Amino acid sequence: MPDNGEAAAPRAEARSGEGPAFVLSRGVVILFAVACGAAVANVYFSQPLLVTMGHDLAMSPALVGSVVTLTQVGYGLGLFFLVPLGDVADRRRLIVAQLLLLVVALAVITAAHTAAILLAGMAAVGLLAVVTQTLVAFAASLAPPSERGRVVGLVTSGVVIGILLARTASGLMADLAGWRSVYLASASLTALLALVLYQVLPRHSDAPPTTLRYGQLLRSTITLFARERLLRLRALFGLLIFAAFSTLWSSVALPLSEAPYFLSHSAIGALGLIGVAGALAATVAGRLNDCGLSGRTTGIALALLAASWVLLAFTRSSLWALVVGVILLDLAVQAVHVTNQTLIYVLHPDAGSRLIGGYMVFYSIGSATGAIAATSLYTVAGWGAVCALGSAFSCLGLALWAFTRHSTPDLAAKIASRSEDRHPTM
């Protein structure tokens, strides 16, 4: 997308030589972002609905808790077993097929009248929601090298916004029409997106064909981590920033529902709207990456992430401190996340899905670690201890950047050289 905001981006070069090159317009990039946000939101819809679901289906508290666990487990499995398929299959067909299967899984949840059916549907939704990462890799492959950071930034904003707004939207819809309406509406939207993406996306992948079998494909994901130091480093950054992100968002409702605020669930859910401002502002990180400023962007963002916890520590005495802290935290997390994905994709564009899928496994580990640690810590030590935990994750990330920034090769030069290579070795 040009700096002046014009609709069309430069044409991506057609490697196969079949037909005209695909034009990645601003509208198509926004479509990618919307599809990503809608898909990933399904993983988080259930969190405000657990009590209602449990009462409706006569589930025990332990069984209700497994709803979130199974969804996250399904998502983690999908990252490793499904996302790499984007490197060997036609991404357009793969995306549409996963979305249609996601519609089926959402319909199963909507119609579920037993706990077993509900849990099976939730696991399937988590597994298929990883279509989000296939969409990110596809968008990156279609973007010209000089615009890739900006495209990845905008598409990834859709992911973060979907995560932030999922709980708010599901809570409001459940209050109006019951918890099943959330999944019925999502199934309808997903079906519509599948139809639109089938019509809009190019019919041929921009990535060169590969002859890897499925087993080789999965093993090569592990091999990539063994070979690429930059991938390992960026995966660690991803783990730490999403541990900090999850530390906040999994526990912030607890102090807000107590004295002195006693906020309602709807009011707490609206906090996600504030986080969206930070996520949108961080799209600037994509432009900075296109200018070769990835290292500096990472350092500044990690410093802001650490600083955000100073403000968040005053949540009980100042809602303004909470608001500013949330904006800074989401901006910083999104900036590092965009930088990570932009850099690792360029390592091997023909393995983009495996790179992003493998990186996102660390995201899942970080998110789970932050959520479990924060909620447990709040119970025994309160909000101050939670903020100390989030600050620790953030400072670890900043320290990692400080110790590795001089030993890391010139990333801008590396990106430029690999972007010019149409047939990277793999």
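Under this note's numbering, the residue at position 254 of the sequence shown is numbered 256, and the numbers go up by one with no gaps. The C-beta atom is built at its ideal place from N, Cα and C for all residues, glycine as well. Here the structure is a predicted model, which is why all the values come from computation and not from measurement.
Contact between the stretch 147–162 and the stretch 282–302 is present: three or more C-beta pairs spanning the two stretches fall below 8 Å. The Cβ atoms of V278 and L304 lie no closer than 8 Å to each other. When the alpha-carbon of G29 is set against those of A404, L199, G301, S319, the nearest one is in L199.
Non-local C-beta neighbours of D332 in its own chain, meaning closer than 6 Å and more than five positions away in sequence, comprise G277, G280, A281, ordered along the chain. When C-beta atoms of the stretch 75–95 are compared with those of the stretch 129–148, three or more pairs fall below 8 Å, so the two segments count as touching. Between the stretch 28–47 and the stretch 152–169 there are three or more inter-stretch CB-CB distances shorter than 8 Å, so the stretches are counted as touching.
For the pair A176 and T73, the CB atoms are not nearer than the 8 Å cut-off.
Within 10 angstroms of the beta-carbon of I358 lie 16 or more other beta-carbons, which makes it buried. The beta carbons of G164 and V42 sit about 5 Å from each other, so the pair counts as a contact at 8 Å. Counted as a single uninterrupted DSSP element, the alpha helix (DSSP H) harbouring H57 occupies residues 52–58. Taking 8 Å as the cut-off, the Cβ atoms of R407 and G297 count as close.
In the three-state scheme derived from DSSP, where H, G and I count as helix and E and B as strand, E149 is classed as helix. The three-state secondary structure of H339, taken from DSSP, is helix. C293 sits in coil when the DSSP states are folded into three classes, being neither helix nor strand. With a cutoff of 8 Å on beta-carbon distance, G372 and F244 are scored as near each other. Linking I111 to G128 through their CA atoms gives a straight-line distance of about 12 Å. In this structure the stretch 320–335 does not touch the stretch 351–365; the number of beta carbon pairs closer than 8 Å is below three. Note on F247: 16 or more other CB atoms within 10 angstroms of its CB, so buried under the neighbour-count rule. Closest in alpha carbon position to G123, among L345, L103, P146, G384, is L103.
DSSP places R234 in the uninterrupted alpha helix (DSSP H) bounded by 231–251.
When secondary structure is reduced to three states using DSSP, D92 falls in the coil class, being assigned neither helix nor strand. Distance from V31 to A142 at the Cβ level is roughly 11 Å; contact not present, criterion being Cβ atoms closer than 8 Å.
For V286, the secondary structure class from DSSP, reduced to helix, strand or coil, is helix.
C-alpha of F405 to C-alpha of A394: approximately 16 Å in a straight line.
Burial state of I346 is buried, judged by a 10 Å Cβ sphere holding 16 or more other Cβ atoms. Distance from the Cα of T317 is smallest, within the candidate group G360, T300, S259, for S259.
Non-local beta-carbon contacts of T341 in its own chain, meaning distances under 7 Å to residues more than five positions away in sequence, involve A287, N291, S296, T299, T300 in chain order. Counting only runs that start and end inside the stretch 328–384, the alpha helix (DSSP H) elements of at least 4 residues fall at 354–383. The beta carbon of S183 sits closer than 8 Å to the beta carbons of M175, A176 from its chain, once the five residues preceding and following it are set aside; these are given in chain order.
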